[in-house]
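In the working numbering, the protein residues as written are 29 to 94.
Data first, discussion second: the structure below is written as structure tokens.
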């Protein structure tokens with residue numbers, strides 16, 4: 029799904045950015061250009077970033093041996 033139509037940024041792009049170390053909106057803006065044009069994507073980008081970070085955290089916690 030497209031997050032930013034101006035820059036053609038998808039959810040997959042945000043997933044990849046998180047894998048590369050993005051943890052804040054500032055990071056997404058720097059590496060992908062999110063919110064760099066009209067800014068309408070800011071809310072959806074933030075929600076997607078939080079969702080991806082939570083998924084990553086869940087995977088890390090369940091992958092740890094007890």
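Don't be surprised by glycine CBs; every beta carbon is placed ideally from N, CA and C.
A quick note: this is a predicted structure, and the numbers were derived from the prediction, not measured.
Query: How is residue 89 classed by DSSP in three states: helix, strand or coil?; Result: helix
Query: Take residue 37 as the anchor and find which of 77, 49 and 51 has the nearest alpha-carbon.; Result: 77
Query: Can you tell me where the alpha helix (DSSP H) holding residue 59 begins and where it ends?; Result: 53-60
Query: If we ignore side chains and look at the alpha-carbon of each, how far apart do residue 50 and residue 80 end up?; Result: 10 Å
Query: Start and end of the alpha helix (DSSP H) containing residue 68?; Result: First-last for residue 68: undefined, no H or E at that position.
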